[in-house]
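Sequence positions in the sequence shown follow mature numbering (1 follows the signal peptide of the UniProt record, and there is no 0) and run -20 to -1, 1 to 91.
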Amino acid sequence: MQQSLLFLVVLSVVLVSCLGAPADPVATPYILQYESNNAPNDGYSFQYELSDDQKRKEEGTIRSGKDEEGKDVQFVAVQGRYSFVSDDGRTYWVEYEADENGYRTRMGTGA
């Protein structure tokens, strides 16, 4: 009985260590380029590119406006773009903008 239990424990450890390993560790994307700027009173920007052709670029700027009650307010307006290459080999991209007029996107394929 103890041998059977020990065998099952050893078999479980071997299976977990073999099956838990990544199938292709080379396929894990890594950072090719990264840049980040943060100006506390002005806004921010960042961009990066990964080895699997994922890319993202975003910028936020502080703007002034009025709220629903007419009071002066500051807010961060954001615009950016990201893209990736899908399993079908095509590049898909999304451009977005968020500001006092709401959130808007454009999407497409290609560079």
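Just so you know, even glycine gets a beta-carbon here, dropped at the ideal spot from N, CA and C.
Quick caveat, the model's predicted, so the values are computed rather than measured.
| Check | Outcome |
| --- | --- |
| Simplified DSSP assignment, three categories, for A7 | helix |
| Inter-residue spacing [alpha-carbon to alpha-carbon] between N21 and N81 | 22 Å |
| Top-ranked residue by Cα proximity to D79, from G69, K35, R43 | R43 |
| Distance between Y76 and T85 (C-alpha atoms, nearest Å) | 4 Å |
| Boundaries of the beta strand (DSSP E) in which R84 is found, first to last residue | 82 to 89 |
| Close Cβ partners of S16 (< 6 Å) along its chain, the five nearest in sequence each way excluded | F26 |
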